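Student: Count the sequence shown with this note's numbering and you get residues 19 to 577, in order.
Below is the structure I would like to discuss, written out as structure tokens.
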Amino acid sequence: MHKDASQRTAARALVEQLVVNGVQHVFCVPGESFLPVLDALRDTQITITVCRHEGGASMMAEAVGKVTGRPGICFVTRGPGAANACAGIHIAQQDSTPLIMFVGQVETSVREREAFQELDYRAVFGSMTKWTVEVDDPDRITEFVSRAFYAASNGRPGPVVVALPKDVLSEHVMIENAPPYEPVETSPGKEEMAALGELLSDSKNPLFVLGGSRWTEAARVQIHEFADRTGLPIATSYRRSTLFDPQHPLYAGDLGLGPNPKLVARAKAADLLVLIGGRMGEIPSQGYSVLAIPSPRTRLVHVHPGAEEIGRVYRPHLAIHASPNRFVAALNRLHVAPNPAWRAGAAVAHADYVAWTSAATPQPGDVNLGEIMIWLRDHVPADTILCNGAGNYASWIHRFYRFRQFMTHVAPTSASMGYGMPAAIAMQRLHPERLVLSINGDGDFLMSGQEFAVAVQNRLPIIVIVCDNGIYGTIRMHQEREFPGRVCATELHNPDFDAYARAFGGFGAMVKKTSDFPAAFRAARASGLPSIIHLKIDPDAILPGVTLSTIRERALQKT
Ligand SMILES: Cc1ncc(C[n+]2csc(CCOP(=O)(O)OP(=O)(O)O)c2C)c(N)n1
Ligand SMILES: [Mg+2]
């Protein structure tokens, strides 16, 4: 840290404010627009991960924000860099993830001329971020960085963009560091908790649905304790299933894409639904079909850290403006009598979950993704982190893999393709000792496949699985439903992904039969290198237990 504050440039003050806030990782693609920041970073202990595309950098920062609950940080250059980075910003918005993106800007003296790579960040990011600011006054850099941490993390977390005109960064400033930010927790009031206690005592078949962000591992433990004591059934929201132990006898499953129909029926039949942290958005609500809008017919308790989210879609019976941590702590202080009927209902729900997820469904082709997911769940350590993006291949992850520990699943609730590669790199950076898997579709993988070079450059032994069915499967499935037999723009001609891995300096293996997967996986681990396992999947195997040809035939019958 600089002893004499007057010696610092604004860039150095910015970087030192990151250090004050405990930042350990930044992700970037360099640009001439923020060289003074790179120079200042060189003198810190912060690890810089240099990426191959700003979409990768912003997704890596998003993944860090998602699992740590503290803002992930990325630096990108002006117009083109900022435009490329949009993908991660949108994920952070939809996933309620704290993220701060610093972006270069043209010099203040040429602004508004559409100078080289100039972009109006407020206009471009205005609807995607919680706050977008351009720092005009170098003496306010610390103020803005401090505020960026609060803005990204408060209430419902989300992305913040801070634009840095080149000349502002090089100015010398006479300013002190601000103290580190403290996450602002909101606690439920006594009245709300008493009202919840009454609703619970009146309820015959309640269901708790855990979702959203801002959970801590301690809160996860506490919700288990509360469930244990009372017998309440617990479900999780789309891609938030690490919030509850899937092996726990009160776990009812996750409300996501391709959910267990029995769980959806249970959610619709519940006489009391308690949403903790989530928004019950389009995916978990099964296309807004679980709860009537705006007036749910069942009793709805909505617990959310963002006041503006409560009542936005559903008018709750009881609104509780609280962060999940504080709410769960208050829940454990509430007197709720153990209820044998709830426990019996939860046991049935759990049995339904186990029956739905235990055995792989038969599939066309020689590689059964369900059997591979079950092999992984039985053989990898419980703290393995699994990252993925979007595509039908993910249905087998959701259904058959079991996330046994907090934040071991890192995947976008916005279903953004190309996320599994960058997220895995970020996770291996955070946890060098843990096994990190990246599972991708063939379309999905090549949206961020270049980031494999980052894994090789930094010797990050992630294991990447590419599920190659030669199609943009999800879209082909919808196409066959709506325009049967009229294939257009959904076919893919792929490279050998195993040879791709070797070309980058990693390990590669091709798997054409399910029974060959364990040996390929063990060889990948033994190599100690970033690895790609290329799975040849039959395109007809479009969903667990559903074929593309059946979808087409059914649609043709209707026409
Ligand atoms: C960035 C982005 N672009 C486009 C889409 C639309 N989309 C959703 S899934 C999908 C196809 C995914 O194909 P693939 O990765 O091969 O997986 P598969 O469905 O074949 O298993 C597409 C194009 C998206 N979700 N995200
Ligand atoms: Mg595919």
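Even for Gly, the Cβ is constructed at its ideal location relative to N, Cα and C.
Everything numeric in this text was worked out from a predicted model, so none of it was measured.
Closer than 7 Å by C-beta to Leu137: which residues in its own chain qualify, once you throw out the five before and the five after it? Chain order, please.
Tutor: Once the five neighbours on either side are set aside, the close Cβ partners of Leu137 are Arg96, Gly97, Ala100.
Student: Determine the contact status of Leu268 and Arg361, defining contact as a CB-CB distance below 9 Å.
Tutor: Against a cut-off of 9 Å, the Cβ pair of Arg361 and Leu268 comes out as a contact.
Student: Need the endpoints of the alpha helix (DSSP H) that Val191 sits in, please.
Tutor: Per DSSP, Val191 belongs to no alpha helix (DSSP H) and is neither H nor E.
Student: Near Ile578, what residues of its chain come up, given a Cβ to Cβ distance below 7 Å and the 5 sequence neighbours on each side ignored?
Tutor: The structure shown does not extend to residue 578, since the chain spans only 19 to 577, so no value can be given for it.
Student: So who's on the other strand from Val227, going by DSSP bridges?
Tutor: Val227 pairs with Ala253, Leu293.
Student: Identify whether Asn406 lies in helix, strand or coil by the three-state DSSP scheme.
Tutor: In the structure shown, Asn406 sits in a strand (DSSP, three-state: E or B).
Student: Round the Cβ separation of Pro251 and Ala270 to the nearest angstrom and send it over; I've been treating them as touching at under 8 Å.
Tutor: Right, the Cβ-Cβ distance comes to about 5 Å (below 8 Å), so this counts as a contact.
Student: Compare the beta carbon distance of Met211 and Arg88 with 9 Å and say whether it is the shorter of the two.
Tutor: Cβ distance not < 9 Å, so Met211 and Arg88 don't count as in contact.
Student: Within a Cβ cutoff of 6 Å, which residues of the same chain sit near Thr254, ignoring the five residues on either side of it in sequence?
Tutor: So the qualifying residues of the chain are Leu228, Leu261, Phe262, Asp272.
Student: Determine, using beta carbons only, whether Gly329 and Ala337 come nearer to each other than 9 Å.
Tutor: Cβ atoms of Gly329 and Ala337: closer than 9 Å.
Student: What residue range is occupied by the uninterrupted beta strand (DSSP E) comprising Trp149?
Tutor: Element bounds for Trp149: 149-152.
Student: Report the rounded CA-to-CA distance for Met391 versus Glu300, giving the unit in angstroms.
Tutor: If I take the Cα positions, the gap works out to 26 Å.
Student: Beta carbon of Phe470, beta carbon of Tyr518: below 9 Å?
Tutor: Contact flag set, yes.
Student: How is Arg18 classed by DSSP in three states: helix, strand or coil?
Tutor: Since the first residue shown for the chain is 19 and the last is 577, residue 18 is missing from the structure and cannot be characterised.
Student: In whole angstroms, give me the CA-to-CA distance for Ala359 and Lys222.
Tutor: Each residue's alpha carbon lies about 7 Å from the other.
Student: Would you mind working out which of Ile457, Gly230, Pro48, Leu387 sits nearest Arg70, comparing C-alpha positions?
Tutor: Of Ile457, Gly230, Pro48, Leu387, the residue nearest in Cα terms is Pro48.
Student: To the nearest angstrom, how far is the alpha carbon of Glu571 from that of His43?
Tutor: Distance between the alpha carbons of Glu571 and His43: 51 Å.
Student: In the DSSP assignment, what are the bridge partners of Tyr411?
Tutor: Answer by DSSP bridge pairing: none, since Tyr411 is not bridged.
Student: Give the straight-line distance between the Cα atoms of Ala181 and Thr150, rounded to the nearest whole angstrom.
Tutor: Roughly 8 Å between the two C-alpha positions.
Student: So which of Thr431, Lys576, Val482 has the shortest CA-CA distance to Leu453?
Tutor: Closest option to Leu453, Cα to Cα, is Val482.
Student: My parser needs the beta strand (DSSP E) runs of 3 or more residues fully inside the segment 60-128; what are they?
Tutor: Whole beta strand (DSSP E) segments, 3+ residues: 65-68, 90-94, 117-123.
Student: For Asp22, I'd like the list of residues in its chain whose CB is within less than 8 Å of its CB, leaving aside the five on either flank, ordered along the chain.
Tutor: Residue placement at Asp22 is flagged as unreliable, the pLDDT there being 47, under the threshold of 50; the coordinate-derived value follows with that caveat. Same-chain partners within the cutoff: there are none.
Student: Just mark Met19 as buried or exposed, buried being the case when its beta carbon has 16 or more other beta carbons within 10 Å.
Tutor: Any reading at Met19 is ruled out, since the residue's pLDDT is 46, under 50, leaving its predicted position unreliable.
Student: For Arg420, which of Ala400, Glu80, Leu275, Ile107 has the nearest alpha-carbon?
Tutor: Comparing Cα positions, the closest option is Ala400.
Student: Quick check: the Cα distance between Gly83 and Ala573, rounded to an integer number of angstroms?
Tutor: Cα to Cα, Gly83 sits roughly 42 Å from Ala573.
Student: Buried or exposed: which applies to His353, given that a residue is buried once 16 or more other Cβ atoms fall within 10 Å of its Cβ?
Tutor: So His353 ends up on the exposed side.
Student: Express the C-alpha separation of Asp289 and Ile109 in angstroms, rounding to a whole number.
Tutor: Each residue's Cα considered, the two are about 33 Å apart.
Student: Specify whether the segment 171-185 and the segment 314-321 touch according to this definition: at least 3 beta carbon pairs, one from each stretch, less than 8 Å apart.
Tutor: Too few Cβ pairs lie closer than 8 Å, so no.
Student: Could you compute how far the alpha carbon of Thr577 sits from the alpha carbon of Leu561?
Tutor: Each residue's Cα considered, the two are about 23 Å apart.
Student: Could you compute how far the alpha carbon of Thr175 sits from the alpha carbon of Phe226?
Tutor: Reading off the sequence, residue 175 comes out as Pro, not Thr. Approximately 22 Å, taken between the alpha carbons.
Student: Determine, using beta carbons only, whether Pro177 and Ile91 come nearer to each other than 9 Å.
Tutor: No, the Cβ-Cβ distance between Pro177 and Ile91 is not below 9 Å.
Student: Rounded C-beta distance between Val346 and Phe244? I'm assuming under 8 Å.
Tutor: That pair is a contact at about 7 Å.
Student: With hydrogens ignored, establish whether the beta-carbon of Ile415 is closer than 8 Å to any heavy atom of ligand 2.
Tutor: Because no heavy atom of ligand 2 lies under 8 Å away, the Cβ of Ile415 does not count as near it: no.
Student: How about Thr27 and Val153: are their beta carbons less than 9 Å apart?
Tutor: Going by C-beta atoms, Thr27 is not nearer than 9 Å to Val153.
Student: Quick one: what's His242 bridged to in DSSP?
Tutor: In the DSSP output, where bridge partners are listed per residue, His242 has none listed.
Student: Answer with buried or exposed for Pro513, where buried requires no fewer than 16 other C-beta atoms within 10 angstroms of its C-beta.
Tutor: Exposed.
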